[in-house]
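Reading through the structure tokens given below for one structure.
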Amino acid sequence: MDYFDSIIYGFQVTFHPVNFLFCGIGVLVGTLVGVLPGIGPAGAMAILLPATFQFSPTATMILLAGIYYGVQYGGSTTSILVRIPGEASTIITCIDGHEMARNGRAGPALGIAACGSFIAGTIANLGLMLVAIPLAHAALKLGPPEYFALMCTGLVIVTYLAQGSVLKAVMMALLGIILGSIGLDLITGLPRFTFGINELTDGVGIVPLVMGLFGISEILHNLEGSLQRSVFKTRIGSLWPSLKDWMQAKWAILRGSVIGFVLGILPGGGAVISPFVAYAVEKKVSKHPEKFGTGAIEGVASPEAANNAAAGASLIPLLSLGIPPNPIMAIFFSALIIHGIQPGPLLIREHPDLFWGLVASLYLGNGLLLVLNLPLIGMWVKVLEIPYKVLFPLILLFCLIGAYSMNNVVFDLYVMIFFGVVGYAMRKFGYEGAPLVLAFVLGPMLENSLRQSLLISQGSFLIFVTRPISAIALGFAFLLLLSNIFPYLRMRRRQYRQFEE
Amino acid sequence: MKTLDKTSSLFWLLVSIAVFVESFRLGVGTLQNPGRGFMTLGASGILGILCLVLFLQTSLRKDGDERKHILAGSFPKSVLLVLAALAVYSRVMPTLGYLISTFLLMAFLFWVLERRRIPLVLASSVAATLVTYLVFSKWLNCQFPEGLLGF
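Protein sequences, first through last, are from chains A and B. My numbering applies: residue 4 is where the first sequence begins, and numbers increase by one. My numbering applies: residue 60 is where the second sequence begins, and numbers increase by one.
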């Protein structure tokens, strides 16, 4: 099948009633999650994951992708109207987006954010189609040493891009590897670190872990203060940007799309880092950089395009290499494993319905978000006005249901509560959960690759430096750990801290 | 932050030592044939070294020790209450069943933490319990415990 036939086939899969419904539910739930504080995309996906067991893997992936895309849209609404980013990926949109709202231009700000996201999402989908298949073919030639090196590099990049201390992020990644090793040893089949608890024989579940670290800890953190949010009272007016707005924003959208796509493929980058880089680039190339921060439409269009393009691009390493580049993709990875599908180079060949259905659903989801969300912005604003004290018991209940229904065992609830407390303490002590979750998922694969590599080389670590791809990947990771070679990333971390303060 | 970093680095150091010792017990194997504890031995070893680095780095840092306590500020009893409620819920759900235990949990959270009026608390709790039961149990076929009372 060529690309055209394949995408037609993908649309046939996507327009199956169940898949279509899941796509719609996904984008709506994603937007809601993006609007609401206290539950991020990882938590929302984890909650809904057990409910998808009776449906096909394709429907499940379409639902998860819809949530991921929807979150990017929803987050921008809160950034523009409330100056509280619903998600980390929309932090930078606060600056010019909220200024536009204060200047009476909330409508065009929301409109350009939605349209820019749509265009960027479409560009990213095209890129996904064109890049994933050749990459999957190339990945068939990779052996355990290369996989080990690529996963190490991914983990190092994730820790390097941590918002706080890199040292603490590396510590959390190591802890994630240790947690990932709980359960049966892959080679000997004997248990380890189970402490005689039968429920731990299968290891710690990703759903209770993610729900605890991100969901419960976030709720506990929010309970500390009164989360007062005031929606900026302004007439939203026409959402459609004027021709002048389009002329100002068109190159910003394109540049944001390209930056988001490239950074989205890299491990750790994803939708969080790319808006910062896109904003910085846009300010650099602008003829009027002084306008940034006062309500420049390019300052909304570029980061919004970047985060959506990155969200689409981050599917590439997962679907073609089988390596999740960030914690959200780790949930995707776990979903595929739960449904009995091994992510990796053979996925596209063995499950074309899943791959092409997912790609087509991204086009559909983008369109649905644009068609549904622009008219529904008034409703999302109303959602923003619901007091947090009403929301948090419901979010807690969803977390409990999600954790329990994974395996129908109460033990998972205890695991979730335990990691909720751990996540809460980690926040207090300045540790991040993202490297831990990614390492937790990659840990077993990392161990398997390492042990297989050592078996192949009869115990020689030289195998990692005598094979070009692994040598380059590990060399890059080593350099990255040793020095801060990308000054702009350092700057971005500083900017993030300043913004947070 | 200095105190927090020192405390946390010591805590993780203890964790890494425990994992290191257990990895040895599980069997490290050889380089030609790595054992069950091979990977965790390496991970815990590096973790331990990094904990020491963090501890030393923090100790040598010149910024003032602000003695920030993790319970400082508005660490509220609501956090403890929520955690206690979750633990009790997990304990009693298999016995009482989903409907009763969830209703009690919701009522507790709505009433104790929000101080809403009783009729509103009861109505909200019943609605939350029934809607989630119908959606997850009836529609999505999640299997919730029925409990002693059979519902």
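All C-beta atoms, glycine included, are put in the ideal place defined by N, C-alpha and C. Remember, predicted model here, so these are calculated numbers, not experimental data.
Counting only Cβ pairs nearer than 9 Å, list the residues of chain B close to residue 424 (chain A). 142
DSSP beta-bridge partners for residue 193 (chain B)? None; residue 193 (chain B) has no bridge partner.
C-beta neighbour in chain B for residue 20 (chain A), strict 8 Å: no
Give a yes or no on whether the C-beta atoms belonging to residue 260 (chain A) and residue 126 (chain A) are separated by under 8 Å. yes
Give me the subset of the stretch 409-420 of chain A whose CB atoms are less than 7 Å from a CB atom of chain B, sorted by chain position. 411, 413, 416, 417 and 420
What are the residues that DSSP puts in a beta bridge with residue 194 (chain A)? A:187
With contact counted as at least three CB pairs below 8 Å, one residue from each stretch, are the stretch 144-157 of chain A and the stretch 467-476 of chain A in contact? yes
Does the CB of residue 199 (chain B) have a neighbour CB from chain A at under 8 Å? yes
If we ignore side chains and look at the alpha-carbon of each, how far apart do residue 132 (chain B) and residue 416 (chain A) end up? Low confidence applies to residue 132 (chain B): its pLDDT is 49, below 50, so where it sits in the model is not reliable, and the reading given next is rough at best. Answer to the nearest angstrom: the Cα atoms are 29 Å apart.
Mind pulling the chain B residues with CB within less than 7 Å of residue 181 (chain A)? 78, 99, 102 and 103
Residue 49 (chain A) - containing alpha helix (DSSP H), residue span: 44-51
C-beta neighbour in chain A for residue 114 (chain B), strict 8 Å: no
Alpha carbon of residue 389 (chain A) to alpha carbon of residue 440 (chain A), nearest angstrom: 31 Å
7 Å CB neighbourhood of residue 204 (chain B) in its chain, flanking five on each side removed: 152, 153, 156 and 157
Would you please verify whether the beta carbon of residue 188 (chain A) is less than 8 Å from any beta carbon of chain B? yes
Leaving out the 5 sequence neighbours to the left and right, which residues in its chain are closer than 8 Å to residue 174 (chain A) when beta-carbon positions are compared? 434
Contacts of residue 454 (chain A) in chain B (Cβ-Cβ under 8 Å): 93, 97 and 98
Using 8 Å as the limit for Cβ to Cβ distance, is residue 210 (chain A) near chain B? no
Identify the residues that DSSP records as bridge partners of residue 93 (chain B): which are they? B:88
Which value, in whole angstroms, describes the spacing of the CA atoms of residue 57 (chain A) and residue 360 (chain A)? 18 Å
Just list the alpha helix (DSSP H) runs in the stretch 106-150 of chain A, keeping only unbroken ones of 4 residues or longer that don't cross its boundaries, in chain order. 109-142
Who are the near neighbours of residue 50 (chain A) in its chain, counting only those whose CB is closer than 6 Å to its CB and skipping five residues on each side? 401 and 405
Would the stretch 317-325 of chain A count as touching the stretch 343-353 of chain A if we require 3 or more Cβ pairs under 8 Å? yes
Residue 370 (chain A) and residue 311 (chain A): beta carbons closer than 8 Å? no
How many angstroms separate the CA atom of residue 277 (chain A) from the CA atom of residue 285 (chain A)? 12 Å
Does any residue of chain B bring its CB to less than 8 Å from the CB of residue 337 (chain A)? no
Could you work out which residue in A:421, A:479, A:466 and A:30 is closest to residue 215 (chain A) when comparing CA atoms only? A:421
Against chain A: residues of the stretch 175-198 of chain B by CB proximity under 7 Å: Of all residues in the stretch 175-198 of chain B, 187, 191 and 195 have a Cβ within less than 7 Å of some Cβ in chain A.
Does the CB of residue 7 (chain A) have a neighbour CB from chain B at under 8 Å? no
Is residue 290 (chain A) helix, strand or coil by DSSP? coil
Check residue 132 (chain B) in the structure and name its three-state DSSP category. In this prediction, residue 132 (chain B) scores a pLDDT of 49, lower than 50, which makes its location untrustworthy; the coordinate-derived value is nonetheless stated afterwards. In this structure, residue 132 (chain B) counts as coil in the three-state DSSP scheme.
CB residue 314 (chain A) to CB residue 267 (chain A), shorter than 8 Å? yes
Quick check on residue 81 (chain A) - is its C-beta less than 8 Å from some C-beta in chain B? no
Is the separation between the beta-carbon of residue 327 (chain A) and that of residue 444 (chain A) shorter than 8 Å? yes
Starting from the beta carbon of residue 191 (chain A), find every residue of chain B whose beta carbon is closer than 7 Å, and list them in chain order. By Cβ distance, chain B contributes 95.
Sequence-distant residues of its chain with Cβ nearer than 7 Å to residue 206 (chain A) (five each side left out): So the list reads 185 and 186, once near-sequence residues are dropped.
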